[in-house]
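Residue numbers (the working numbering): 2 to 718.
A short write-up of the structure that comes next.
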Amino acid sequence: MRPLAVALLIAIPLAAADNAVSTAEAQDGWILLFDGRTMFGWAQEGGGNWKIAGGVLSFDGSGSGMLRTRAAFSDFSLKFDFRASSGADAAAFLRFSTDGTPQDSGYELRLGDSDSKNPAGSIVKVLKGDGKLAANQWHTMQADFNLDKISVTVDGHKVDGSDGKSKGGFIALASNKSAVDFRNIKLKPIGTHALFNGSDLSGWKSVGTQPAKPGKGIMGKLGKVFKPGEGKAKEADWSVTGGAIHGIHGPGQLESQTAYGDFVLQIDVRVNSKNKGHHPKSAIFLRGDAGKMETGYQVDIENEVSTGEIDGLQKPRFLAGKDNEFFTETIAVEGRHFEIWINGFPVNEYDDTRTEGPSVKREARTTAGPIALLAPDAEANLDFRNIKVSALPKTLGGHPGAVAEAAPPPPKVVTPPPAPTPALPPTPSTPAPAPAPVIIANPNQAKDDARQAQVSKLTQQALRSNDPAEQAKIYSDILSVDPNNVVAAQGYRDAQQKIELAREQQQKDAQQKEKQTQDEAQKQTQLQNALKTGEAAFLAGDLTTAQGQVAIARKIAPDDLNVRNLDARVSAATQARQRVMMLAGGGGLLVLLGAIALLIRAGGKKEPYLEVTEGLEKGKRYGVTQEVVHIGAIPQDGQAKNDIVLHDPDRMVSRFHCEIHRQDTKLFLVDLNSANGTFLDRHRISPGKPVRLKSGSQVTLGGACTLRVGFEKKKKT
2 MRPLAVALLI
12 AIPLAAADNA
22 VSTAEAQDGW
32 ILLFDGRTMF
42 GWAQEGGGNW
52 KIAGGVLSFD
62 GSGSGMLRTR
72 AAFSDFSLKF
82 DFRASSGADA
92 AAFLRFSTDG
102 TPQDSGYELR
112 LGDSDSKNPA
122 GSIVKVLKGD
132 GKLAANQWHT
142 MQADFNLDKI
152 SVTVDGHKVD
162 GSDGKSKGGF
172 IALASNKSAV
182 DFRNIKLKPI
192 GTHALFNGSD
202 LSGWKSVGTQ
212 PAKPGKGIMG
222 KLGKVFKPGE
232 GKAKEADWSV
242 TGGAIHGIHG
252 PGQLESQTAY
262 GDFVLQIDVR
272 VNSKNKGHHP
282 KSAIFLRGDA
292 GKMETGYQVD
302 IENEVSTGEI
312 DGLQKPRFLA
322 GKDNEFFTET
332 IAVEGRHFEI
342 WINGFPVNEY
352 DDTRTEGPSV
362 KREARTTAGP
372 IALLAPDAEA
382 NLDFRNIKVS
392 ALPKTLGGHP
402 GAVAEAAPPP
412 PKVVTPPPAP
422 TPALPPTPST
432 PAPAPAPVII
442 ANPNQAKDDA
452 RQAQVSKLTQ
462 QALRSNDPAE
472 QAKIYSDILS
482 VDPNNVVAAQ
492 GYRDAQQKIE
502 LAREQQQKDA
512 QQKEKQTQDE
522 AQKQTQLQNA
532 LKTGEAAFLA
542 GDLTTAQGQV
552 AIARKIAPDD
562 LNVRNLDARV
572 SAATQARQRV
582 MMLAGGGGLL
592 VLLGAIALLI
602 RAGGKKEPYL
612 EVTEGLEKGK
622 RYGVTQEVVH
632 IGAIPQDGQA
642 KNDIVLHDPD
652 RMVSRFHCEI
662 HRQDTKLFLV
672 DLNSANGTFL
682 DRHRISPGKP
692 VRLKSGSQVT
702 LGGACTLRVG
712 FEKKKKT
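Structure, rendered in C-alpha cells:
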C-alpha cells in the first residue's frame, strides 16, 4: 500500500446498522445500491431537491424528482425501507429503459396512496397491493422479478403477478410533490447461472503464453535439439480443490468458453499470500479476445492496493479485500458503463467515452468476449468459487403488450457427483477462516464523492453530445476537477482532433469551391474569346482560323446557341469554297462551259421563300437568302439573333425555335430543342437533326403558326 494512503486511511467495519451488507448477505449475492452517504451510482433526472442526512436519502416534495441507477439489471430481488407522507405520489420504477417514459417501458411500483386504484405495494397494471400503509412510518418493501414472475412483499405481506413486457433495465426512485425517505436499498441478482459447477472445469479453457521464436541459423537449430520443451505454450496449473478453482504456477489464464457482452457477474476470490506484507496480484478480464492472454477490460485484484480498479482507466474509491480470505466481487457491465462492488459495497463506477475499437488499452469495446481469470506469474496462488453470471437482454425495457427479447440461454454445465473431500490442515492454498472483511475508508471521502458525482454527470453530458466543440469544453471542465482523469484527457484529445479535421475539411471545401468558380470564369473567358476571334476570322474570309476557334468553343460549350450558329456558318462557307476550288481545277473549256451553264441556269433559277399561312403574320413572306435563317419569338438575346421573328401571344414558339439551312437551292430544317416542338407536314421532327424541305412543305412551330415553303424565279436585274 502507498505510504501516504496508510497515513490517511482508517479501517471501518463493513457491518453496520443501516446501509450496509453483512458478510452473510455479501456471500449470498446482495449489493448496496445506496451507501448511506453519497449518491454514488445514481443519476439525478428531473428537478426537485434530494439530500442525504443520517444515512437517509430524502426527497423534500418540491416539484417532481427522480434518481436512476446507472447500472442495469435483469432478474433481481430489490429491497429497501421507505417512509412517505400522507397521500404521497411516490413510486419506484423497475426494469425500464432511458428511451421514453419509465411508465411505458418498465414497471411502476407504487409507494404512496395518491392513486386509490393502485395503493402502496401495487405494480400498475400487473398486481394490486393489500391496502393503505401508515404515513410517516418506516416500511420494508421487497420486489422480486424472475423472468415473467413478479412478486411484491410489504412488511411481510406478499402479492404475486406475472407480466412479460420487460426483461431488464434500470431502477429509479421518484416522487411528485411528496416527501419520501429511503434507506437500506439493496439488490440481489437472481436467475443467474453458474459458470463453475464446483466439481470440474467444464465450460472453461486454459490459455497460456506463446513460446519465444527460435533464433535463425545453426544456433537456432541447436536450441531446438537441446531444449525441445521450449516449443510448447506455457500454461498455469488449474484444478478444483475444495469446491473452488485453484490456480498456481502462472503465467496463464482460465477463460469461459461462452462470450458475454452486457451482464452482471458475481464471484468469490481468495488471494493466498505467504508473506504478510506482500500482496500478490491477479485480475479478471472482460470482453477480451478468446484464446489470447490479458485482453479486454482488466479488473485488478491486489488487496489493500488496487482491488476493484479498472486497470489504467478508473481507480476504486475504497480499498477493499484482504489476503488469505474470500471476498465477493460483483461487476455490472452494460454498454460503456461499468460498476463494481466488493463484499456488496460500491467501490467503482466508470463510463468509457473513448472511440469504439478492438484494443481496450486505446479504445472502448462493447463487443462480447470471454470472462477470464488470471494467474499472472509463477508465484500465483489463487482460488475462485461461486462464479455466477446473469446476461442482460439485448434490448432494455419494453412496451405494453410486448414480449421483451430475453438474454441468451446459459450454456449447459454438466455437474458430476461430488467426490468426498478429505479434511486437510490449513495451508497457503487452503487458509483458515479469517475475521469479517473490512474496507479502508478515506476521511476526505465526502469531497471525493462530490467530485466523482460531478465528473460522472459531466461524462454523461459528453457522451450525449455529438458536437466536438461541446465535448472538448466538457472534458476540459472534467480535467479542471480531476486533472488525472485519463478518460477525459483522451476524450479531449479526440474532440480536438475532430475539430481540427472538420476545420481542414471546411478549408478544402472552400478552396475547391473557389477553384471551381475560377475554372468556370476562365472557361467563359475562353469561350467569348473563341467566338469573337472566330467571328472576325469568318468575316475576313480566314476559314481555317474560324474552324479552329469554333472547335475550341464547341469543346467548352457544345450546346451554346452562339457556338452552333457560328459553326453552321463556317461549315457552309467551307463547303462553298470547296465547290469553287473543284471548279477552278478543271480546264479552260470546262470553266467556260460551266460559266455559260451557270448563266443560263441563273436566268431561270428559283429562289426559296417562307410564307406564313397560319398565325398573326398570315400572308407575310420571308426570303431565304442566307446560308442559315434563325427563327424564334424574340429579336435578340445577347449576341444571339433571330432573322425571322414570329409574334406569339400564347408563347408556344420558343425564343430560339428552329433554323433553315440553305445549300444552293436545297433547304434543311433543324429544331433547336424547342419546348413545344417543330412539325414538318404534321410530323414532329427530332431536335438537332436536319430534315430536307421541299416546295409546299408545311412547317408548324409549336402549334402556334405555320410556314409554307415555296420557290419562285429570281427577277432579272
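Where a beta carbon is used, it is the ideal one built from N, C-alpha and C, also for glycine.
Would you please state the rounded distance, in angstroms, between the beta carbons of Q45 and L68? I believe it to be under 8 Å.
-> Between L68 and Q45 the Cβ distance is about 6 Å, and since that is below 8 Å, they are a contact.
Given S123 as reference, the closest of N198, L397, P103, A144 once Cα atoms are compared | A144
Short Cβ contact (8 Å threshold) for P252 with E380 | Their beta carbons are not under 8 Å apart, which means P252 does not touch E380 by this criterion.
Neighbourhood of A92 by C-beta, 7 Å cutoff - its chain only, sequence neighbours within 5 removed = E109, L110, R111, L112, A175
Closest by C-alpha distance to D651, when choosing among L266, T666, A634, K667 | A634
Go through its chain and collect everything with a Cβ distance to S87's Cβ below 6 Å, but skip five positions before and after it.
-> A136
Does DSSP classify I479 as helix, strand or coil?
-> It is helical.
Is the beta carbon of A454 sitting closer than 8 Å to the one on I500?
-> no
Length of the line joining the Cα atoms of Y298 and R386 | 21 Å
Are there three or more Cβ pairs, one per stretch, closer than 8 Å when the segment 241 to 255 is compared with the segment 337 to 350?
-> no
Hey, is the segment 629 to 643 in contact with the segment 559 to 572, meaning 3+ C-beta pairs nearer than 8 Å?
-> yes
Could you have a look at W43 and say whether DSSP puts it in helix, strand or coil?
-> strand
Evaluate N49 with the Cβ neighbour count: other Cβ atoms within 10 Å of its Cβ, from every protein chain shown; 16 or more gives buried, anything less gives exposed.
-> In the sequence under discussion, the amino acid at residue 49 is Gly, which differs from the Asn named in the question. By the neighbour-count rule (16 or more Cβ atoms within 10 Å), G49 is buried.
Quick one, which of Q550, S75, L668, I249 has its alpha-carbon nearest L95's?
-> Nearest option by C-alpha distance: S75.
Could you give the residue range of the beta strand (DSSP E) that holds E340?
-> 338 to 343
Could you tell me if L611 is buried or exposed, where buried requires 16 or more neighbouring beta carbons within 10 angstroms of its beta carbon?
-> Under this definition L611 is a buried residue.
Excluding sequence positions up to five away, which residues of its chain have a Cβ less than 8 Å from the Cβ of V692?
-> F669, L670, V671, L681, I686
With a threshold of 16 other CB atoms inside 10 Å of the CB of V581, please say whether the residue is buried or exposed.
-> exposed
Rounded separation between K618 and K714 - CA only | For the record, residue 618 in the displayed sequence is Glu; it is not Lys. Going by the C-alpha atoms only, they are around 24 Å apart.
Q517, buried or exposed, once every other Cβ within 10 Å from all chains shown has been counted against 16 | exposed
Within 10 angstroms of its Cβ, does N276 collect 16 or more other Cβ (buried), or is it exposed?
-> exposed
Could you spell out where the beta strand (DSSP E) holding G157 opens and where it closes?
-> That residue, G157, is in no beta strand (DSSP E); it is neither H nor E in DSSP.
Mind reading off the beta-carbon distance from I302 to V270? Whole number of angstroms is fine, and I expect it under 8 Å.
-> 6 Å
Quick one, which of D665, A392, T701, L188 has its alpha-carbon nearest T626's?
-> D665
Please check the pair N677 and M653, which I expect to be a contact at CB under 8 Å, by giving their CB distance rounded to whole angstroms.
-> 5 Å
Straight-line gap, L89 to L188 (C-alpha atoms, nearest Å) | Residue 89 is actually Ala in this sequence, not Leu. When rounded, the distance between both Cα atoms is 24 Å.
Identify, in the order they occur along the chain, each residue of the same chain with its Cβ nearer than 8 Å to the Cβ of K178, setting aside the five sequence neighbours on each side.
-> G62, S63, G64, S65, D90
What residue range is occupied by the uninterrupted beta strand (DSSP E) comprising P609?
-> 607 to 615
Whose C-beta lies closer than 7 Å to the C-beta of E26 among residues of the same chain, with five residues either side of it excluded?
-> G345
Chain-order list of residues whose beta-carbon lies under 8 Å from that of R288 (same chain, five-residue window excluded) | Y261, G262, G297, Y298, V334, V361, R366, T367, T368, A369, G370
Out of curiosity, what's the CA-to-CA distance linking L544 and I632?
-> 25 Å
Give me the Cα-Cα distance between Q513 and T460, rounded to the nearest whole angstrom.
-> 38 Å
Please list, in chain order, all residues of the same chain as V241 whose beta carbon is under 8 Å from its beta carbon, the five residues on each side excluded.
-> G199, S200, D201, L202, H247
Is the beta carbon of S207 sitting closer than 8 Å to the one on F97?
-> no
In terms of residue numbering, what span does the beta strand (DSSP E) encompassing R184 cover?
-> Its beta strand (DSSP E) spans residues 180 to 190.
With DSSP collapsed to three states, give me the class of V692.
-> strand
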